[in-house]
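Residue 845 in my numbering sits at position 17 of the sequence shown; the count goes up by one each step and never skips. Positions of the beta carbon are idealized from the N, C-alpha and C atoms, including for glycine. Taking it in order: structure first as structure tokens, then the write-up.
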Amino acid sequence: MAKPKTQAKPRAKKKPAPKKVAKAAPKKKKAKPAPKKVTAKKAAPKKPAPKKAAPKKAPARKPRASGVPVAPMPVMRSGGDVVRILESDDPIGTLRAFLDGISSERGATLQEGQIALGSAQLVLLPIAREGRGGPEVKELLDLVLGRWTTFPDRTGFHAQEFLRNAFAAVGNDRERIARLTALVPVDASPELRFNVACALAAAGERDSMMRAIESALAVGASAAAFRGDDDFLAYRDDPAFQSVLDRAAPPSIPVDIGPHVPIVRASLDSAVKTLREFGEVAKLEPPATLDHILGAERIRKVQLPNDFRALLTLCDGLTLWDHTFFGTVDYRNETTLAKSAREYLEQSARHGRTGIDECVPLANWGQPNDWLLYDPHGRVRGGA
829 MAKPKTQAKP RAKKKPAPKK VAKAAPKKKK AKPAPKKVTA KKAAPKKPAP KKAAPKKAPA
889 RKPRASGVPV APMPVMRSGG DVVRILESDD PIGTLRAFLD GISSERGATL QEGQIALGSA
949 QLVLLPIARE GRGGPEVKEL LDLVLGRWTT FPDRTGFHAQ EFLRNAFAAV GNDRERIARL
1009 TALVPVDASP ELRFNVACAL AAAGERDSMM RAIESALAVG ASAAAFRGDD DFLAYRDDPA
1069 FQSVLDRAAP PSIPVDIGPH VPIVRASLDS AVKTLREFGE VAKLEPPATL DHILGAERIR
1129 KVQLPNDFRA LLTLCDGLTL WDHTFFGTVD YRNETTLAKS AREYLEQSAR HGRTGIDECV
1189 PLANWGQPND WLLYDPHGRV RGGA
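This is how it looks when you write it as structure tokens:
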């Protein structure tokens, strides 16, 4: 009788299995109702969905098509045409085909003129460096100049940029230089007038070149740019050439630091005091004499404003946070600060910043392209 009892006990031990099911069951019951309620609520708005779909049935694409010529599409299309011309295997041939598609009776639209002139001046850029005065230049210039009267805007930005690059690329070609010169507008930019003088210099047209230099200087071109350009290498010893450039030099600054010294000293003391309150330290170099300052100006061939001269008599070099001011040592020698300033000015001049090559660096504001400059002509705008 004891044996059946022992057999019944192991069967009773198998009952723990339902416990796992019992624990899992409530989790499933709790998890299921939540999604069902959410999906039920979300499913309800599916009935009015056709109302939202109604606009899709409306001719939504037709209004877009009718609005194509209004504003954004012309820009996209013109940009696409310029890219297509530039990236083709034969840019000049592609531009010719584009111009052939323009009716000579109605002339080019403003947009078509911008496409033609914009792509032409971009095609000229590499040619001007690699094949100045070559057959490609002649072909492209003849193509555009032959259609010049069909362009509605012949004095605006695109036209002036084309002429600017055309003068840079034409080389020693007096006939085409004469044709291009006749198209220069009255309000031509300093950069365009500078390139006119360069082309005339390369062609050996001395008298016309001198007049072009005077015109360029009058509208803001710098004398330093003419002295440094290789097209004028043959004229650097010409007295007339030097005389024209000397007349464009900035007026001399009379030495008169007396009124500026107390103002500069008060500002300097205030700045140093404020920095100390914030736990910062200003680095002031020993002062320089006025004669030492003027000697540095003569070595660098610059003129400093009187308020900066006054500062140098108080501290010959100054560092406030990351602001580093020039000292006479930076004007006398190629220090790290002087070299950085020179490289910045040269790079800016190469990128067409007219007049910046005649500016005098006074301080660096902590970044390679952030400088305090003195502009003797007052021509540089927009900060440096």
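Asked	Found
Burial state of residue 929 (16 or more Cβ within 10 Å)	exposed
Given residue 1160 as reference, the closest of 1144, 1051, 1171, 1173 once Cα atoms are compared	1144
In DSSP terms, what residue 1151 is bridged to	1148
Residue 1194 - DSSP class collapsed to helix/strand/coil	strand
Closest Cα partner of residue 1072 within the set 942, 1101, 1041	1041
Alpha-carbon to alpha-carbon, residue 1043 and residue 1102	49 Å
Alpha-carbon spacing of residue 957 relative to residue 1064, whole angstroms	23 Å
Contact set for residue 1120: own chain, Cβ-Cβ below 7 Å, skip 5 residues either direction	1156
Complete runs of the beta strand (DSSP E) confined to the stretch 981-1020 [at least 3 residues]	none
Range of the contiguous alpha helix (DSSP H) that encloses residue 939	938-958
Under the three-state DSSP convention, the category residue 1087 falls into	coil
Residue 819 (DSSP reduced to helix, strand or coil)	Residue 819 falls outside the range modelled here, since the chain spans only 829 to 1212, and no answer is possible.
Opposing strand residues paired with residue 1111 [DSSP bridges]	1147
Chain-order list of residues whose beta-carbon lies under 8 Å from that of residue 888 (same chain, five-residue window excluded)	The predicted position of residue 888 is uncertain, since its pLDDT is 42 and thus under 50; a value taken from the coordinates is nonetheless stated next. Excluding residues within five positions, none has a Cβ falling inside 8 Å.
Spatial distance of residue 1165 from residue 1187 (CA atoms)	15 Å
Cα-Cα separation, residue 1129 to residue 1074	13 Å
DSSP beta-bridge partners of residue 1189	1201
Contact under 9 Å by Cβ, residue 1025 with residue 990	no
Residues of its chain near residue 1057, where Cβ-Cβ distance is below 7 Å and the 5 sequence neighbours each way are ignored	1026
Straight-line gap, residue 1107 to residue 1100 (C-alpha atoms, nearest Å)	11 Å
Cα-Cα separation, residue 961 to residue 999	4 Å
Cut-off 8 Å between Cβ atoms - residues of its own chain near residue 1197, not counting five sequence neighbours on either side	1172
Closest residue to residue 1034 among 1069, 1163, 1046 (Cα-Cα distance)	1069
Residue nearest to residue 1037 in terms of C-alpha spacing, selected from 911, 1013, 1002, 1011	1002
Cβ distance (whole Å) where residue 1122 is taken to contact residue 1083 below 8 Å	7 Å
Where residue 985 falls, given that 16 or more other Cβ within 10 Å makes a residue buried	exposed
Selection from 926, 1180, 1137, 909 that minimises the alpha carbon distance to residue 1050	1180
Residue from 978, 1062, 917 with nearest C-alpha to residue 943	978
Pick from 1150, 1110, 1113, 1158 that is closest to residue 1132, judged by C-alpha positions	1158
Own chain residues within Cβ distance below 6 Å of residue 1202, not counting five before or after	1133, 1188, 1190
Cutoff 8 Å; reference residue 1118; Cβ partners in own chain excluding five residues on either side	1083, 1085, 1137, 1141
Sub-9 Å separation of residue 971 and residue 927 beta-carbons	yes
Rounded straight-line distance, which links the Cα of residue 983 to that of residue 1067	35 Å
Same chain, Cβ closer than 7 Å to residue 1077, neighbours up to 5 away in sequence not counted	1051
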